[in-house]
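Participant:
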Amino acid sequence: MRRRDFIKAIAGLVTAWPFAARAQQPALPVIGILGGQSPEPYAAFLEPFRLGLSETGYQEGRNVAIEQRWAQSRPDLADVLISRRVALIYAIGGTEAAVAAKAATSTIPVLFTNGSDPVKSGLVANLARPAGNVTGTSFNTAGLSAKRLELLHELVPQAAIIAVLALRGSVILEEQLSDLQGAANAFGVRLLVLTVSSDADLEPAFARLVREGAGALYVTAGAFFSSRGDKMAALAAQHRVPAIYPRLEVAAAGGLISYAPNVGYAYRRAGVMAALILNGAKPADLPVELPTKFELAINLKAAKALGLEIPTKLLALADEVIE
């Protein structure tokens with residue numbers, strides 16, 4: 507489905523939400539989780555969201571209800587029957603869900619957690635004072651792109667070409683490419699940008715990077731790759747290409763190296779913000795929260811399989827070494 511159709515479909519779902527049950531008021535305030543993909547990859551992150559709610563006095567089933575609606579790449583979202591009026595929309599699973607929620611309502615509070623720049627994507631006017639009905643937490647790492655490339659170059663200094671894998675049309679790629687190119691120029695390496703739009707594109711992308719002599723791989727952030735961490739690590743191992751990832755979980759799943767914020771913490775803070783909104787706080791008065799701590803993870807088993815020796819300096823910097 508094209509991005510424009512996807513956003514329209516979600517917008518139809520969001521618009522239906524507050525009006526579907528006007529005659530039937532829910533006994534509890536309802537948080538509507540609007541997911542831009544399928545629920546499975548995000549199940550683990552909804553637990554810290556619930557934890558954040560509970561820290562501020564809200565327990566699901568006791569004094570708040572949670573309704574989940576997931577796109578799952580289906581074009582029929584506008585026809586999904588919603589039976590509860592929501593007090594808050596929590597958009598996750600990519601920027602599109604949050605953009606659609608914002609476009610659909612200017613009165614229902616909209617909370618988001620994603621990895622794009624909230625200002626550049628148009629979600630908020632200002633991080634400190636978001637304005638309007640939208641705020642949230644972001645694990646945006648556009649500013650870390652040069653640091654990740656530096657780590658990858660330090661790990662594989664002989665790589666004259668570094669492939670950059672991104673989702674086609676991704677806002678995140680636009681945000682990161684300038685910094686990546688600047689770092690590449692400083693290190694004297696050439697970037698090979700590879701874009702994909704579906705799982706079917708992944709194998710050809712890896713085949714191309716091997717064919718064109720890329721000595722390392724930089725995987726950009728975003729929901730598409732985040733939900734395919736195991737697959738990305740497996741493809742990198744299969745094609746014997748050292749890769750750096752924007753999610754810590756990928757290193758644990760067999761990826762070579764990752765440098766990333768703690769995504770679970772962003773979801774937990776979103777739970778706290780949701781509770782504040784349910785208590786009457788306005789999104790416009792809640793600053794968007796950005797990550798403050800970043801963690802480096804290195805998988806020694808993956809390094810051994812690639813025949814790489816990890817520099818002592820990198821091992822000393824690592825927050826987690828997986829053996």
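The end of the sequence shown is residue 829 by my numbering, with every number in the run present.
Glycine residues also receive a C-beta, built at the ideal position from the N, C-alpha and C atoms.
(1) Please classify P817: does DSSP put it in a helix, a strand, or coil?
(2) What residue does the alpha helix (DSSP H) around F800 start on, and which one ends it?
(3) Near S703, which residues of its chain fall below 8 Å by C-beta distance, leaving aside the five closest residues on each side in sequence?
(4) Where K737 and A533 are concerned, what is the direct C-alpha to C-alpha distance, given to the nearest angstrom?
(5) For N691, report the span of its alpha helix (DSSP H) as first-last.
(6) Taking its Cβ as the centre, do 16 or more other Cβ atoms sit within 10 Å of S612, making it buried, or is it exposed?
(7) May I ask you to verify whether the stretch 592–610 touches the stretch 534–551, counting CB pairs closer than 8 Å and requiring at least 3?
(8) Counting C-beta neighbours from all protein chains within 10 Å, is the total for L823 16 or more, i.e. buried, or is it exposed?
(9) DSSP has G642 in a bridge; who is on the other side?
(10) So, with DSSP's three-state summary, where would you put A584?
(11) What is the rounded straight-line gap between the Cα of R568 and the Cα of L557?
(12) Which of the three DSSP states, helix, strand or coil, is assigned to T613?
(13) Taking all protein chains shown into account, do 16 or more other C-beta atoms lie within 10 angstroms of the C-beta of G813, making it buried, or fewer, making it exposed?
(14) Could you give the residue range of the alpha helix (DSSP H) that holds R696?
(15) Going by the beta-carbon positions, is the gap between L658 and I668 smaller than 8 Å?
(16) So L723 packs on V695, CB below 8 Å; how close in whole Å?
(17) Within its chain, find whatever has a CB closer than 6 Å to the CB of A751; leave out the 5 residues flanking it on each side and keep chain order.
(18) How many Å lie between D585 and A610 at the Cα?
(19) Using three-state DSSP, classify V536 as helix, strand or coil.
(20) When DSSP labels each residue in this structure, what does G541 get in the three-state scheme?
(21) Helix, strand or coil for A790? Go by DSSP, reduced to three states.
(22) Less than 8 Å between the C-beta atoms of V625 and P789, yes or no?
(23) Terminal residues of the continuous beta strand (DSSP E) containing V670?
(24) Helix, strand or coil, according to DSSP, for P710 in the structure here?
(25) Would you mind sorting L587 into buried or exposed? The rule is 16 or more other CB atoms within 10 Å of its CB.
Facilitator: Let me spell this out:
(1) Coil at P817, not helix or strand.
(2) Per DSSP, F800 belongs to no alpha helix (DSSP H); it is in the beta strand (DSSP E), F800 to N805.
(3) L673, R674 and G675
(4) 43 Å
(5) V677 to F693
(6) exposed
(7) yes
(8) exposed
(9) F618
(10) Reliability of the predicted coordinates at A584 is poor, the pLDDT of 26 falling under 50, and the value obtained from them is presented with this limitation in mind. It is helical.
(11) 14 Å
(12) coil
(13) exposed
(14) Counting along the chain, R696 falls outside any alpha helix (DSSP H), though it belongs to the beta strand (DSSP E) covering R696 to V702.
(15) yes
(16) Actually they are not in contact, since the Cβ atoms of L723 and V695 sit about 12 Å apart, beyond 8 Å.
(17) Note on residue identity: the sequence assigns Tyr, not Ala, to residue 751. Closer than 6 Å at the Cβ level, and outside the excluded window around Y751, lie V725, G761 and S764.
(18) Unreliable placement is indicated for D585, whose pLDDT of 31 sits below 50; the coordinate value is still reported in the next sentence. Separation of D585 and A610 (C-alpha to C-alpha, rounded to the nearest whole angstrom) is 15 Å.
(19) In this structure, V536 counts as strand in the three-state DSSP scheme.
(20) Looking at G541 - three-state DSSP - the assignment turns out to be strand.
(21) helix
(22) no
(23) I667 to L673
(24) Three-state DSSP puts P710 in a helix.
(25) Residue placement at L587 cannot be trusted, given a pLDDT of 26 that sits under 50; what the coordinates show is reported in the next sentence. Result: exposed.
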